[in-house]
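Residues in the sequence shown are numbered from 638 upward in steps of one, following our numbering. The beta-carbon is built from N, C-alpha and C at its ideal position, and this holds for glycine as well. Note that the coordinates shown come from a computational prediction; the quantities given were computed from them, not determined experimentally.
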Amino acid sequence: MMNRMTLEQAQKEEKKRSWKENVPMFFFLVIGLGSAFGIFMGLEYLQVETFSTDNSLVTTPNISFLDFFMVILIGVFLIPTFLEFIFINSFKRTVKQYLKIFLPIAIFTIGVLFLSFYSYTDITEKTITYDPFWFGEKQVYAWGDIEWVVIDEASDRSKDFDYYLYFKDDTTLDIWGSTRMHIDELKLVDDRIREMGIPKEVNVPPNEMEIKEGYGREDKEIYQMIEQVIRD
């Protein structure tokens, strides 16, 4: 009987201990994910503030698989495990043991965030600056370097179409489907394209019925801007 009571008590103690450990980890996870999304929102804000001028449009790439992976890495691993080590340390790791695991991943994360920060497109009255993820690939074009524009099928589910600029050096740049550009900004670019007489064609027409259902009733101004942009 005594052994049975001891076993029951041990099980209860184990449940209490598990509960006490799981609840803080849940809060650490919430803090981690919130911080990760905050980091990426702050990164985009800093990009716009850093690279834009008074008369320029700065846009950044859409969230990619790498960005999603970084959110998971920061929000689920780096921040929660750091908080767990500081406040609980259930694995009884020493600082040296923890740093061996934490530092390589933290350095990798910082490197990716650094490269992401310098990945943007800046459109001004005279130039279009395209700086992709990797260093050494930055390109600065004049508007006259654009040979033609193509409206094509959307490569991202969040957009209804892609808007490609084809340059004389065979570079192709999608400034809509793969970026976070707003429709009023795209309309300004499209207006300039029309003013300069740059050829424009529609390869795969957007689904106008879906566009009308999505914007026509709620925001007619946005719908009208989209309607103008997708016309060749």
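DSSP bridge partner residues for residue i (one or two, in chain order)
i	result
L694	I760
A779	T764
I668	DSSP output for I668 lists no bridge partner at all.
D789	D799
L810	L802
Distance, residue j Cα to residue i Cα
i	j	result
D797	D828	19 Å
E784	T809	10 Å
K849	Q861	9 Å
F722	K857	53 Å
D869	Y800	12 Å
L740	T731	14 Å
S795	G671	22 Å
P836	F714	49 Å
N640	G748	Note that N640 scores a pLDDT of 47, beneath 50, so its modelled location is shaky; the value from the coordinates is reported in the next line. In a straight line, the C-alpha of N640 is about 56 Å away from that of G748.
N844	L823	18 Å
G669	Q776	36 Å
E774	M833	27 Å
F745	Y757	21 Å
V667	P698	26 Å
F664	L703	25 Å
K733	A791	49 Å
I676	V708	9 Å
I711	F705	10 Å
Of the residues the options, the one placed nearest residue i, counting alpha carbons only
i	options	result
V826	Q776, K857, R794, I867	I867
A673	L823, P661, I716	I716
I788	V841, V749, K824	V841
L802	I765, F663, G671	I765
M846	E832, I835, E864	E864
S815	F745, F706, Y767, T687	Y767
W880	E790, K729, I830, Y735	Any answer about residue 880 is impossible in this case: the structure gives the chain only from 638 up to 869.
E838	Q684, I760, V786	V786
M678	N726, R817, A743	R817
L736	F724, F719, I725	F719
Coarse secondary structure for residue i, derived from DSSP in three states
i	result
F798	coil
D828	helix
D821	helix
Y682	helix
E838	strand
F804	strand
N640	At N640 the pLDDT is 47, less than 50, meaning the model places this residue with poor confidence; the figure from the coordinates comes in the next sentence. Note: N640 maps to helix in three-state DSSP.
T816	strand
E864	helix
E774	coil
F714	helix
Cβ neighbour criterion (16 or more within 10 Å) applied to residue i
i	result
E681	buried
T696	buried
F751	exposed
T690	exposed
S753	buried
T687	exposed
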